[in-house]
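S.K.: In the numbering used here, the protein residues as written are 562 to 612.
All residues carry an ideal CB built from backbone N, CA and C; glycine is no exception.
Sharing a structure below in structure tokens format, with a few things to ask.
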């Protein structure tokens, strides 16, 4: 198994949640952070802006 996560923050910058992706290493890749980090950070930033 492999997973990557990113924090979701409130208007004050306090972490209030997290989003993540996880799956078998053969589907996620040996370095899942390289593949998924940018997408997760973008999604977390979008959620943060909406809060």
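Quick check on DSSP: helix, strand or coil for residue 592?
M.R.: Within the chain shown, residue 592 is the residue found at index 31, counting from 1. In this structure, residue 592 counts as coil in the three-state DSSP scheme.
S.K.: Considering only the beta carbon of each residue, do residue 605 and residue 570 sit closer than 9 Å?
M.R.: For the purposes of this step, residue 605 is identified with residue 44 of the chain shown, where counting begins at 1. For the purposes of this step, residue 570 is identified with residue 9 of the chain shown, where counting begins at 1. Cβ distance < 9 Å, so residue 605 and residue 570 count as in contact.
S.K.: Which residue's Cα is closest to the Cα of residue 563: 608, 600, 597, 585?
M.R.: The sequence position of residue 563 within the chain shown is 2, counting from 1. When each option's Cα is compared against that of residue 563, the closest is 585.
S.K.: Would you give the residue range spanned by the beta strand (DSSP E) that residue 565 belongs to?
M.R.: Looking up residue 565 in the chain shown gives position 4. Counting along the chain, the beta strand (DSSP E) containing residue 565 begins and ends at 563-570.
S.K.: Could you check where the beta strand (DSSP E) with residue 584 kicks off and where it finishes?
M.R.: Translated into the one-based positions of the chain shown, residue 584 becomes position 23. Run containing residue 584: 576-584, per the beta strand (DSSP E) assignment.
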